[in-house]
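In this note's numbering, the protein residues as written are 1 to 490.
We put the CB at the ideal spot given by N, CA and C, even for glycine.
A short write-up of the structure that comes next.
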Amino acid sequence: MFFSYSRNPLHVSLTSTKLMEDVSFDERENARLIPSPIQSVEIEERVTRKKVFVVALLLAVNLLNFMDRFTIAGVLGRLQDYFYMNDKEAGMLQTVFIVFFMVFAPICGYLGDRYNRKMIMIVGLAVWITAVTLSTFIGREHFYWFMLLRGIVGIGEASYSTVAPTIIGDMFYGPMRSIALMVFYFAIPVGSGLGFIGGSTIALWTGSWQWGVRFTPFIGAIFFILIIFGLEEPKRGQVEHAEIEPSTMLEDLKYFLTVRTYLLTTLGFTFVVFCTGSASWWTPLMMTYAYGIQHDIDVVPRDEVAHISVVFGVITCCAGIVGIIAGSTIAQAWREGNWCFRPSHRADPFVCAVGSFFAAPFFFTALVVASHSLNVAWIFMFLAVTSMCFNWAINMDILMYVIVPNRRASATAIQTLIGHLFGDASSPYIVGFISDSIRGEVSTSLAKYYALQWAMFLPNAVLILSIGGYLWATFYVVKDHHRAKEDMHG
Numbered sequence: 001m002f003f004s005y006s007r008n009p010l011h012v013s014l015t016s017t018k019l020m021e022d023v024s025f026d027e028r029e030n031a032r033l034i035p036s037p038i039q040s041v042e043i044e045e046r047v048t049r050k051k052v053f054v055v056a057l058l059l060a061v062n063l064l065n066f067m068d069r070f071t072i073a074g075v076l077g078r079l080q081d082y083f084y085m086n087d088k089e090a091g092m093l094q095t096v097f098i099v100f101f102m103v104f105a106p107i108c109g110y111l112g113d114r115y116n117r118k119m120i121m122i123v124g125l126a127v128w129i130t131a132v133t134l135s136t137f138i139g140r141e142h143f144y145w146f147m148l149l150r151g152i153v154g155i156g157e158a159s160y161s162t163v164a165p166t167i168i169g170d171m172f173y174g175p176m177r178s179i180a181l182m183v184f185y186f187a188i189p190v191g192s193g194l195g196f197i198g199g200s201t202i203a204l205w206t207g208s209w210q211w212g213v214r215f216t217p218f219i220g221a222i223f224f225i226l227i228i229f230g231l232e233e234p235k236r237g238q239v240e241h242a243e244i245e246p247s248t249m250l251e252d253l254k255y256f257l258t259v260r261t262y263l264l265t266t267l268g269f270t271f272v273v274f275c276t277g278s279a280s281w282w283t284p285l286m287m288t289y290a291y292g293i294q295h296d297i298d299v300v301p302r303d304e305v306a307h308i309s310v311v312f313g314v315i316t317c318c319a320g321i322v323g324i325i326a327g328s329t330i331a332q333a334w335r336e337g338n339w340c341f342r343p344s345h346r347a348d349p350f351v352c353a354v355g356s357f358f359a360a361p362f363f364f365t366a367l368v369v370a371s372h373s374l375n376v377a378w379i380f381m382f383l384a385v386t387s388m389c390f391n392w393a394i395n396m397d398i399l400m401y402v403i404v405p406n407r408r409a410s411a412t413a414i415q416t417l418i419g420h421l422f423g424d425a426s427s428p429y430i431v432g433f434i435s436d437s438i439r440g441e442v443s444t445s446l447a448k449y450y451a452l453q454w455a456m457f458l459p460n461a462v463l464i465l466s467i468g469g470y471l472w473a474t475f476y477v478v479k480d481h482h483r484a485k486e487d488m489h490g
């Protein structure tokens, strides 16, 4: 990769001779550098305080979104007692949330490619804050109202998650974009972990699940104000000097079907989300049952339940950060030929496949050993979550360089729709349904644990399928990247 550094350490001039841009398109060989027909385009990239502020603000809101999503998992046992839910109904809470999320994601993506993205996020955050707050005032006899409000929360989150990455994509390019997206997607593991920790801990302190859920919208109101007064929306495609032409939704859909890298990484992403969705929802409860087996009790003390949620939250935070950093760092080193790697422009999907390859056996081992040793199970769960998080930032980075700027929000929305529809919208319910079917009427910790363990083997097996999706994408990623560049510059 060729860089020219100015005296300002925050200024980097990147020409189109960099590794991911000028490549041979012989699919039978490892990619090698050749002059590009778009060599005249020079991209000036400045990392200003304003850009850092915007990324930090978007990260903070994304963090809150995932915190809210997993505070419910952190207080799931209390919710089951409050609303008299079985495992299947508990799984439906996540399913309903994701169904609303995925239905409105394409709508928000379509609007995000054509209208003011800042206003879309403001409206979405207002809906999110209102719905979360109202859900904490629902009486125990109105479970379906609670479930409806959790669904409406998904509308607010859909408006944000489809639009925010495209704003980052229009502010940064090349390695800096990869770094910015890596930072943005820290919110997934950190927010999930803090949701478990915050929800369970506050519920334990207050003796009420309502306060365990209520704290996120209070914090969200602060960032809502900051977005109104502090966020400046960049012009679409400005950093790449892209020539933007208007298109219809039908034209966008036809275009997406021609980008094989996009289709195959969406497939791989969906299989990973199927596993992470069920794991994040059911792991604390499964570990609680494992604790009951080891101590020969069927009712685990509430403080121990909260402790298990905190441990899982810490593991999710730390493993997620390690996984996202490791995945992005390895992918960049592989692209550039650093360390022990030969330069390859197929490094990104390869790294995603490697993450799933290691995650599957680690997750399986955690499921098997939990009833014998929680500490050993936590170690393998840490390794599994680390490996599963390899792909989060890389997957979005791939989308950014194989899809043209004026279609990225829609592409993100469609990927989100498919990922959630066949991923974490369905997996918690499916796992809960299988668990209830296996367990029957038996309510001992032993029966609950083994029923949930066998149910969790399904997402573990699905994770293996993601390897194939990402490996298949390696055959097309170079060609699709070059085509996107040509489309952007006429």
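Euclidean distance between Cα positions of residue i and residue j
{"i": "Ile-324", "j": "Ala-370", "result": "25 angstroms"}
{"i": "Lys-18", "j": "Arg-260", "result": "Any reading at Lys-18 needs caution, since the residue's pLDDT is 39, under 50, leaving its predicted position unreliable; the model's value is listed next. Those two C-alpha atoms are separated by around 23 angstroms."}
{"i": "Phe-25", "j": "Asp-81", "result": "At Phe-25, the pLDDT of 39 sits below 50, so the modelled position is not reliable and the matter cannot be decided from this model."}
{"i": "Gly-313", "j": "Lys-485", "result": "41 angstroms"}
{"i": "Val-61", "j": "Ser-161", "result": "10 angstroms"}
{"i": "Asn-30", "j": "His-345", "result": "With a pLDDT of only 43 at Asn-30, under the threshold of 50, the placement of this residue in the model should not be trusted, and no figure is reported."}
{"i": "Phe-394", "j": "Pro-349", "result": "Per the sequence shown, the amino acid found at residue 394 is Ile instead of Phe. Each residue's alpha carbon lies about 8 angstroms from the other."}
{"i": "Asn-65", "j": "Tyr-110", "result": "21 angstroms"}
{"i": "Ile-34", "j": "Tyr-401", "result": "At Ile-34 the pLDDT is 32, less than 50, meaning the model places this residue with poor confidence and gives no usable figure here."}
{"i": "Glu-21", "j": "Leu-399", "result": "For Glu-21, the pLDDT reaches just 40, beneath the cut-off of 50, and the residue's location in the model is therefore unreliable, although a value from the coordinates is still provided. Glu-21 and Leu-399: Cα-Cα distance of roughly 15 angstroms."}
{"i": "Arg-150", "j": "Arg-114", "result": "28 angstroms"}
{"i": "Leu-417", "j": "His-295", "result": "42 angstroms"}
{"i": "Leu-204", "j": "Arg-302", "result": "8 angstroms"}
{"i": "Ala-221", "j": "Ile-129", "result": "7 angstroms"}
{"i": "Ser-309", "j": "Pro-284", "result": "6 angstroms"}
{"i": "Trp-392", "j": "Val-127", "result": "26 angstroms"}
{"i": "Pro-106", "j": "Leu-253", "result": "11 angstroms"}
{"i": "Asp-480", "j": "Cys-389", "result": "24 angstroms"}
{"i": "Arg-483", "j": "Thr-288", "result": "51 angstroms"}
{"i": "Ile-179", "j": "Trp-282", "result": "31 angstroms"}
{"i": "Tyr-144", "j": "Met-92", "result": "11 angstroms"}
{"i": "Thr-248", "j": "Tyr-255", "result": "11 angstroms"}
Selection from the options that minimises the alpha carbon distance to residue i
{"i": "Gly-169", "options": "Gly-432, Arg-69, Lys-485 and Arg-408", "result": "Arg-408"}
{"i": "Gly-198", "options": "Ile-379, Phe-269, Pro-217 and Met-182", "result": "Pro-217"}
{"i": "Thr-316", "options": "Met-456, Ala-360, His-372 and Ser-387", "result": "Ser-387"}
{"i": "Leu-471", "options": "Ser-309, Glu-232, Tyr-401 and Leu-264", "result": "Leu-264"}
{"i": "Phe-224", "options": "Asp-252, Trp-205 and Lys-118", "result": "Lys-118"}
{"i": "Ser-135", "options": "Val-213, Ala-126, Thr-95 and Ile-188", "result": "Val-213"}
{"i": "Val-376", "options": "Gly-440, Ile-330 and Val-311", "result": "Val-311"}
{"i": "Ile-321", "options": "Leu-58, Pro-189 and Phe-184", "result": "Pro-189"}
{"i": "Glu-251", "options": "Ser-410, Gly-191, Met-286 and Ala-319", "result": "Ser-410"}
{"i": "Val-52", "options": "His-420, Phe-341, Met-381 and Gly-230", "result": "Gly-230"}
{"i": "Thr-365", "options": "Phe-380, Leu-374, Val-351 and Ile-403", "result": "Phe-380"}
{"i": "Leu-181", "options": "Ala-56, Val-478, Pro-106 and Lys-254", "result": "Ala-56"}
{"i": "Gly-193", "options": "Pro-246, Arg-49, Met-249 and Ser-280", "result": "Ser-280"}
{"i": "Ser-328", "options": "Val-183, Leu-76, Arg-78 and Arg-49", "result": "Val-183"}
{"i": "Tyr-185", "options": "Trp-339, Leu-367, Leu-59 and Thr-95", "result": "Leu-59"}
{"i": "Gly-207", "options": "Gly-77, Cys-318, Ala-326 and Lys-88", "result": "Gly-77"}
{"i": "Leu-226", "options": "Ile-122, Thr-276 and Ala-290", "result": "Ile-122"}
Beta-carbon proximity list for residue i, same chain, < 7 angstroms, skipping 5 on both sides
{"i": "Gly-292", "result": "Asp-298, Val-300 and Ser-445"}
{"i": "Ile-467", "result": "Ala-353, Ser-356 and Phe-357"}
{"i": "Leu-267", "result": "Gly-469"}
{"i": "Pro-175", "result": "Gln-332"}
{"i": "Gln-210", "result": "Thr-136"}
{"i": "Asn-116", "result": "Glu-233"}
{"i": "Ile-120", "result": "Cys-108, Leu-111, Gly-112, Ser-159 and Val-163"}
{"i": "Ala-131", "result": "Leu-149, Ile-152, Val-153 and Gly-156"}
{"i": "Val-103", "result": "none"}
Residues near residue i in its chain [Cβ-Cβ closer than 6 angstroms; skip 5 each side]
{"i": "Leu-383", "result": "Phe-362"}
{"i": "Gly-124", "result": "Gly-156, Ser-159 and Tyr-160"}
{"i": "Phe-146", "result": "Ser-135 and Ile-138"}
{"i": "Tyr-476", "result": "Arg-260 and Thr-261"}
{"i": "Leu-465", "result": "Phe-271"}
{"i": "Pro-343", "result": "Gly-337"}
{"i": "Gln-415", "result": "Thr-266"}
{"i": "Met-67", "result": "Gly-191, Leu-194, Gly-195 and Thr-216"}
{"i": "Lys-88", "result": "Gly-432, Phe-433 and Asp-436"}
Close-in-space but distant-in-sequence residues of the same chain around residue i (CB under 8 angstroms, 5 per side omitted)
{"i": "Phe-274", "result": "Phe-422, Gly-423, Asp-424, Ser-426, Ser-427, Pro-459, Val-462 and Leu-463"}
Minimum Cβ-Cβ distance from residue i to chain B less than 8 angstroms
{"i": "Ala-319", "result": "Among the chains of the structure shown, chain B does not appear; only one protein chain is present."}
message = Quick test of the definition: if touching needs 3 or more C-beta pairs under 8 angstroms, does the stretch 143-154 touch the stretch 99-110?
response = Yes: at least three Cβ pairs fall under 8 angstroms.
Stretch-stretch touch, CB-based, cutoff 8 angstroms, three pairs: the stretch 314-334 with the stretch 431-451 = Counting C-beta pairs closer than 8 angstroms gives fewer than three between the stretch 314-334 and the stretch 431-451, which falls short of the contact rule.
request  = Tell me, please, whether the stretch 183-200 touches the stretch 61-78 by the rule of three or more beta-carbon pairs shorter than 8 angstroms.
outcome  = The stretch 183-200, when compared against the stretch 61-78, does touch it at the 8 angstroms Cβ threshold.
inquiry  = Check whether the stretch 431-441 and the stretch 451-458 touch, using three or more Cβ-Cβ pairs below 8 angstroms as the test.
reply    = With a cut-off of 8 angstroms, the stretch 451-458 and the stretch 431-441 count as touching, because enough Cβ pairs lie within range.
At least 3 beta-carbon pairs within less than 8 angstroms: the stretch 137-148 vs the stretch 76-95 = Because the criterion of three Cβ pairs below 8 angstroms is met, the stretch 137-148 and the stretch 76-95 touch.
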